[in-house]
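Taking my numbering as reference, the numbering of the sequence shown is continuous, increasing by one, and the terminal residue is 430.
Built from N, CA and C at the ideal position, the CB exists for glycine as well.
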Amino acid sequence: MASTTRGRCILRLLALQCVTFCLVLITYDWGKDGGTQPMAFMRESFGNLQWHRVDVPSDTLLRKDASANPHNRGVVICVHEGNFAAALSLVTELACLGTELPVELHHCTERELPSDLAAVLKHAAFTHVRVVNSCALAADHGIPRPPLFATPRDAWMKPLALYTSTFDHVMILDAHTLLLRNPSVIWTDAGYEASGSYFFRQRNLLTDANAGGRYTHLLRKYTDLYHLDTSVEAVNLELSDAFTQHLSSSFEALQTVDPSLLVVHKTRYGDRLPKLLKNLIGQAHRDPSFAWLTPHDAIFAVFELMHKPFHVATYGANTLNAPRDVELHPTVFCGPVAQRWIAPSVQVSKSLFYVHAATLLDTRPIPTNEKLYSYQGYIDVPSNVTSLRLPSLFKEVSEYPTCFADVQRHEALPADFFRALARRRAHYHALALGTFHGLTACS
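The structure is reproduced here in structure tokens:
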């Protein structure tokens, strides 16, 4: 009896050793003598570790044959010390969805970069990624680093990244965007091909009846029409019908487009767009009358300042439910924004395009109560999304100030959403915990 028990213990110990050995094999970096160094994304954001300059030797965007990307299309993601795991897991997600375009990670200071980023980017999953110091490039173009870039997390990095990007066709993605399908479909969308732009509508929570007047003031001060026709007087400049209609359908709000995904043909009109963008970046922040202008809306407004058409998604933004929304208040959803992409070949049931998943990637538990607001995060995954809807006026409910309070119809989230979220979470946590295992696995 004793020998049988001893034999079982030995077999269990051998099994444990085999498992440990396999884990070492799959997480060891055979290209380096020291093995894989754990990524410091999370540790360095909480500790007092010393930052140092990171030089990334591989610049695949410049070395690649131009024939591989004849239209010079690319993806831009703005990064800072707090979102690298989200940004790099977005890169792996793009690859899983079939996107083969180069990616630029734009930042503003070297101290924002993890000390082991150079080693990380040598992984096979990131050979097409390039790190760009937007502020350094902006300084080379005569834009000193203004106060609005003093905080690395500031979203004003997006206009700056658009200005300094080497791509002609630029897709700006927020690091926490959860994509359900290949975003490359936007490049051939009729709206983008006709205007050189594609924006999604914002589910805005801050209404302002004076939005039209403020944008008119912006138009009169920053339009480049003066350079094309000096006989035009500022008082004669008014917003276009298309822009006015968009403000009306966006709840007359100051925030008009969703910052999660912006697509712009930067050189469609020569250097007009970059020049206007440079003007806004360098001057608007100094003028207190434009303190209301959000960074992503500045990108959107550039087309109006050029007096050129733009394309905004036909349908309004959707909303996911937060935990227990359906049970507690089925007409009020407090989850993140979701967007649909509608095309003749796409069924409405499969039209969910992306979700802003900042509260979904990290599953850290939080205290709960019956009034859970979207800014508090999640301890569970959502189950429903509002049905396809046209833009409509926002109805505010004081009891739920951060929620969408006019849910008429909703439907169960598709299986694709849960598969995408599970895969993204796996990549996100692998990067956050410092392992390369599974970054190229898509199933």
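Expressed to the nearest angstrom, what Euclidean distance is found between the alpha-carbon atoms of A82 and L224?
45 angstroms
Helix, strand or coil for C65 per DSSP?
strand
Looking at the structure shown, is A278 part of a helix, part of a strand, or coil, going by DSSP?
coil
Range covered by the beta strand (DSSP E) that runs through N371
N371 to T373
Buried versus exposed, by CB contacts within 10 Å (16 or more), T23:
Only weak support is given to the placement of T23: the predicted model assigns it a pLDDT of 34, under 50, and the question is left unresolved by the model.
Top-ranked residue by Cα proximity to L75, from A304, G269 and F113:
F113
Among H298, V372, L292 and A285, which one has its Cα closest to the Cα of A325?
V372
Mind checking which residues open and close the beta strand (DSSP E) that includes T164?
T164 to L166
Do the region 60 to 75 and the region 154 to 161 meet, that is, are 3 or more Cβ pairs less than 8 angstroms apart?
yes
In terms of residue numbering, what span does the beta strand (DSSP E) encompassing Y415 cover?
Counting along the chain, Y415 falls outside any beta strand (DSSP E), though it belongs to the alpha helix (DSSP H) covering A402 to L420.
Proximal residues to L426 (C-beta, below 7 angstroms), its chain only, five neighbours per side dropped:
T79, H110, A112, H414 and A417
CA-to-CA distance, A55 to A344, given in whole angstroms:
31 angstroms
Give me the residue from R117, R411 and L420 with the minimum Cα distance to L167.
R411
For R50, which residues from the same chain have a beta carbon less than 6 angstroms from its beta carbon, with the 5 sequence-adjacent residues on both sides left out?
Reliability of the predicted coordinates at R50 is poor, the pLDDT of 41 falling under 50, and the value obtained from them is presented with this limitation in mind. Same-chain partners within the cutoff: there are none.
Spatial neighbours of T243 in its chain, beta-carbon cut-off 7 angstroms, leaving aside the 5 residues before and after
Q189, H233, L234, S237, D284 and F287
Local conformation of I268 per DSSP, three classes
helix
Do the CB positions of N305 and R376 come within less than 8 angstroms of each other?
yes
If I follow the unbroken beta strand (DSSP E) through A399, where does it start and stop?
H397 to A399
Just reading off the alpha helix (DSSP H) that D127 is part of, what are its end residues?
S121 to D127
Any heavy atom of the ligand ZN within a distance shorter than 7 angstroms of the CB on N308?
Inclusion of the ligand ZN in the displayed structure is not the case, the ligand content being empty and no account of it being possible.
Write down the C-beta distance between M293 and R327 rounded to the nearest angstrom, noting that I regard them as a contact closer than 8 angstroms.
About 28 angstroms separates the two Cβ atoms, so there is no contact after all.
Relative to the C-alpha of A221, which residue among S227, L212 and G421 is closest?
L212
Counting only the same chain and skipping the five closest in sequence on each side, list residues whose C-beta sits under 7 angstroms from that of F33.
At F33 the pLDDT is 29, less than 50, meaning the model places this residue with poor confidence and gives no usable figure here.
Could you say if the region 92 to 107 and the region 115 to 125 meet the contact criterion of at least three C-beta pairs nearer than 8 angstroms?
yes
State buried or exposed for E291, treating a residue as buried only when at least 16 other CB atoms are found within 10 Å of its CB.
buried
If we ignore side chains and look at the alpha-carbon of each, how far apart do F8 and C429 end up?
Residue placement at F8 is flagged as unreliable, the pLDDT there being 40, under the threshold of 50; the coordinate-derived value follows with that caveat. Approximately 24 angstroms between the Cα atoms of the pair.
Could you tell me the alpha carbon to alpha carbon distance between K208 and H115, rounded to whole angstroms?
40 angstroms
Which one of V342, S370, S374 and S171 has the shortest CA to CA distance from T335?
The question names Thr, but residue 335 in the sequence shown is Val. Here the closest residue by C-alpha is S374.
When the Cα atoms are used, what is the spatial distance from P246 to E314?
30 angstroms
Label P57 either buried or exposed according to how many other C-beta atoms from any shown protein chain fall within 10 Å of its C-beta, with 16 as the threshold for buried.
exposed
What do you get for E91, buried or exposed, if any count of 16 or more other CB atoms within 10 angstroms of its CB means buried?
buried
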